[in-house]
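Asker: Got a structure here, written out as structure tokens. Questions coming.
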Amino acid sequence: MGDLMTAAIEQGERLAGRYRLEEQVGGSGMGWYDLCYRRRGVGRAVAKAGSVMTMASRGADPESSPPKAARHRRSRRSDTDQAAAAPAHEDGATLLQGRYVLQRVIGRGNLATVYWATDSTLERSVALKLLHPHICREAGFVEEFLDMERRIARLFHPHLVTIFDAGTSEDGCFVVMEYVTGGNLRERLGRGDPVALSDVVKIVSQVADALQLLHLEQLVHGDITPENVLLDENGDAKLVDFGIAHLAATTGALHAQSVGSAAAYLAPEQLEHGPADARSDVYSLGVVTYELLTGRAPFEGEDWVAAATERLSRDPERPSLHRPALSPELDGVVLRALAREPRERFQSAAEFRIALQRARAESSPRLASGPLDRWAADRPRRWARQLRGQSWARLAPVGAALLVGLLVLGLVLPPLLNPSRLVQVPDLAGQTVDAARRALREAGLGLRTTDEVSESAPKGIVLRQEPPARANTQSDQLVRIFVSSGPPPVAAPDLQSRRLEDARADLDALGLRLGKVDEREVARQPWGVVVAQSARPRSDLARGGTVDVTLGMPPWTTAPPLVDKAIGEAEAELEKRGLKLSGVRPEPVPGKRAGTVLAQDPVPDVRLRQGQSVSLVVAVPPPQP
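Once you know that position 358 of the sequence shown is 350 in my numbering, the rest is easy, because the numbers rise by one and skip nothing.
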């Protein structure tokens, strides 16, 4: 934290000139400070550099702030920073964990390097994020990281990138994800042409929908930037990098080098106090929305320090000042998402999404994109110029007729053009899916379902809903219900080489049942141990499910004829057939050579399993009188 504070102070001194920089360190010992630029008695504060690192997973070193045009570019590093120590694949590519072939670098940040890789086991393309080693060395980070990735891997959402695998290696910890081919939102913004309003609403709504699922799982994304919103070939959004920056900050794995362009998306409370919650993600998504609508960030200072100062001291300008065709309704939604106080923002990502979609629906047709925006904005002025040359005496009757016509249209057209109405969302919690569908149909609403594990609710029962019960919404809107899929899955145990009674006890302890038991001849295996199971170890099973096992049984053989053979010859014959000599009983017999087999049990040609035993009676000299 000391390095971070020093870097921020030196940066402020260079930019301030005659301004006076004061450092104030709070008594909490947590690295709190204010950077105050004072001139003519006017102060402005940039608070707590430690909080700036809460979500800044990308961006430049504060010692060398990039120019405005390059503010959001990723920092560059050598292509061999992390992968050099990993073993090489046969074709020269880097091999990780003996499975993932790292083909080429597709992204870099201050937390990790992202590779396009090939999963050699499943023969598919994946994206592999390899975190930098210094991050993984922080105490407690690896355990928290793996726990978080396990939680996220259980989630499914069409606008969340799917997690396939996570683990650690000599080069650091890594996560393997779905590979999305369409680029990211930063690249879309870099084209320079305006983003159509319909595309803005679609992309932001999809990201908000994905965020809502993360927040319901008590996960904070912590790094909502255009770089972390991927676009597939259909233009649909997929959110990536959830929680890593936030986790790295809370475990102390981020340092001064992590402060940079990502700070442009931090909420004010993170700059002042550090902790992030769902409303912080809403603010960051509001910044992305502003940038999509206007082509610029809501605050653009000379560097991240200046931009952060503006964010703490004033509200952003209305988006319509930079894109005149935007409606007041859209201005209001975006500015509420960017409110400096968390309590004044939308309290959930779902609330933000609903408000944005409603503002879009209530906006006038002038909200088309590109040249239509300029045409709509200029249209009133063109009409004014045309009317300026007309005689008001000639226009008065026309104006009266138009006024009457507008009044009539105002009464007649709204019901025809906007048949939707506000309806109250019914309470669906505790109902079955069929009952919920009927209730929504009667209310004029649609249904969208999402499965969710539950320890208490039976499978198929509604746990909760969005929007909540008794909320007012437009008819024909979709209501999302979260349906219990039953208890969380159980990881199948590894039963290999376990005896049947031990395997049964292992399954009982996990709430699983022993299913069918088969036998199979297996050479050189202990008698009656598990050699195969129906469920792959560590695979997910429903609680109460069954696992079939196969026990290894030695092959069949027969007892050889051993009578009249020497004991050594008999032992060799038993070993040849995979049998054991269990015991030898001496029998005094005059006239017989000592060590000659007199009898055997079992008798010759009896079927035995390899590994079973044969006992012998062997002649010994009688005692001397």
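All C-beta atoms in this analysis are idealised placements derived from N, C-alpha and C, irrespective of residue type, glycine included.
With 16 as the cutoff for other CB atoms within 10 Å, does Gln488 come out buried or exposed?
Answerer: exposed
Asker: Do Leu608 and Leu543 have their CB atoms nearer than 8 Å?
Answerer: no
Asker: Assuming Leu439 and Pro418 form a contact by the criterion Cβ under 8 Å, report the distance between their Cβ atoms to the nearest whole angstrom.
Answerer: Contact doesn't hold; Cβ gap of about 11 Å is too wide.
Asker: Once the 5 residues before and after Phe344 are set aside, which same chain residues still bring their CB inside 6 Å of it?
Answerer: Ala200, Val274, Ala329 and Phe338
Asker: Straight-line CA distance for Ser176 to Ala229?
Answerer: The sequence as given places Asn at residue 176; Ser does not occur at that position. Taking the straight line from one Cα to the other gives about 9 Å.
Asker: From which residue to which residue does the beta strand (DSSP E) around Glu444 run?
Answerer: Gly438 to Glu444
Asker: Straight-line CA distance for Gln517 to Gly507?
Answerer: For Gln517 and Gly507, the distance between alpha carbons rounds to 22 Å.
Asker: Does the beta-carbon of His126 have 16 or more other beta-carbons within 10 angstroms, so that it is buried, or is it exposed?
Answerer: exposed
Asker: Excluding five sequence neighbours on each side, which residues of the same chain lie with their C-beta closer than 6 Å to the C-beta of Asp510?
Answerer: Thr542
Asker: How would you label Glu283, buried or exposed, when you count the other beta carbons within 10 angstroms and need 16 or more for buried?
Answerer: buried
Asker: Write down the C-beta distance between Ala351 and Leu313 rounded to the nearest angstrom, noting that I regard them as a contact closer than 8 Å.
Answerer: Actually they are not in contact, since the Cβ atoms of Ala351 and Leu313 sit about 17 Å apart, beyond 8 Å.
Asker: Assuming Arg496 and Val521 are in contact, meaning their beta carbons sit under 8 Å apart, how far apart are those beta carbons, in whole angstroms?
Answerer: 13 Å between Cβ atoms; not a contact.
Asker: Looking at the structure shown, is Leu600 part of a helix, part of a strand, or coil, going by DSSP?
Answerer: strand
Asker: DSSP three-state label for Asp163, please.
Answerer: coil
Asker: Starting from Glu343, follow the alpha helix (DSSP H) in both directions and report where the run begins and ends.
Answerer: Ala341 to Glu354
Asker: Going by DSSP, what residues sit across from Lys568 in a beta bridge?
Answerer: Its beta-bridge partners do not exist; DSSP assigns none.
Asker: Compute the distance between the beta-carbons of Val187 and Arg178, then report whether it is under 8 Å.
Answerer: Taking 8 Å as the Cβ cut-off, Val187 and Arg178 do not qualify as a contacting pair.
Asker: Going straight from the alpha carbon of Ala428 to that of Arg462, what length do you get?
Answerer: 14 Å
Asker: Comparing C-alpha positions only, which one of Val606, Leu147 and Asp163 sits nearest to His207?
Answerer: Leu147
Asker: Smallest Cα separation from Gly622: which of Leu205, Glu565, Val471 and Lys568?
Answerer: This structure cannot speak to residue 622, because the chain is shown only from -7 to 617.
Asker: With a threshold of 16 other CB atoms inside 10 Å of the CB of Lys121, please say whether the residue is buried or exposed.
Answerer: By the 10 Å Cβ count, Lys121 comes out buried.
Asker: Do you know offhand how far Asn220's Cα is from Pro481's?
Answerer: When rounded, the separation of the alpha-carbon atoms in Asn220 and Pro481 is 30 Å.
Asker: With burial defined as no fewer than 16 other Cβ atoms inside 10 Å of the residue's Cβ, what is the status of Ser197: buried or exposed?
Answerer: buried
Asker: In the DSSP assignment, find the unbroken beta strand (DSSP E) run with Tyr107 in it and report its ends.
Answerer: Here the beta strand (DSSP E) through Tyr107 covers Ala104 to Asp111.
Asker: To the nearest angstrom, how far is the alpha carbon of Leu123 from that of Ala527?
Answerer: 32 Å
Asker: Please report the Cβ distance between Pro580 and Pro615, rounded to the nearest whole angstrom; I am assuming they are in contact, meaning their Cβ atoms lie under 8 Å.
Answerer: 7 Å
Asker: Going straight from the alpha carbon of Arg618 to that of Pro218, what length do you get?
Answerer: The first residue shown for the chain is -7 and the last is 617, placing residue 618 beyond what the model contains.
Asker: Let's see if you can read the secondary structure: which residues bound the beta strand (DSSP E) around Leu222?
Answerer: Val221 to Leu223
Asker: May I ask you to list the residues that DSSP assigns as paired with Pro617?
Answerer: Pro617 is not bridged by DSSP to any residue.
Asker: Below 8 Å, can you find three or more Cβ-Cβ pairs linking the stretch 439 to 454 to the stretch 473 to 480?
Answerer: Flag = yes, the stretch 439 to 454 and the stretch 473 to 480 touch.
Asker: Could you tell me the alpha carbon to alpha carbon distance between Arg315 and Arg288, rounded to whole angstroms?
Answerer: 11 Å
Asker: Excluding sequence positions up to five away, which residues of its chain have a Cβ less than 8 Å from the Cβ of Ala270?
Answerer: The answer, listed in chain order, is Leu203, His207, Val212, Gln339, Ser340 and Ala341.
Asker: Rounded to the nearest angstrom, what separates Thr160 and Leu205 at their Cα positions?
Answerer: 27 Å
Asker: Note down the Cα distance separating Val631 from Gln469, rounded to an integer number of angstroms.
Answerer: Residue 631 is absent from the structure shown; the chain starts at -7 and stops at 617.
Asker: Is it the case that the Cβ atoms of Asp191 and Asp215 are separated by a distance below 8 Å?
Answerer: no
Asker: Taking only the alpha-carbon atoms, compute the straight-line gap between Leu223 and Val106 and give it to the nearest angstrom.
Answerer: 16 Å
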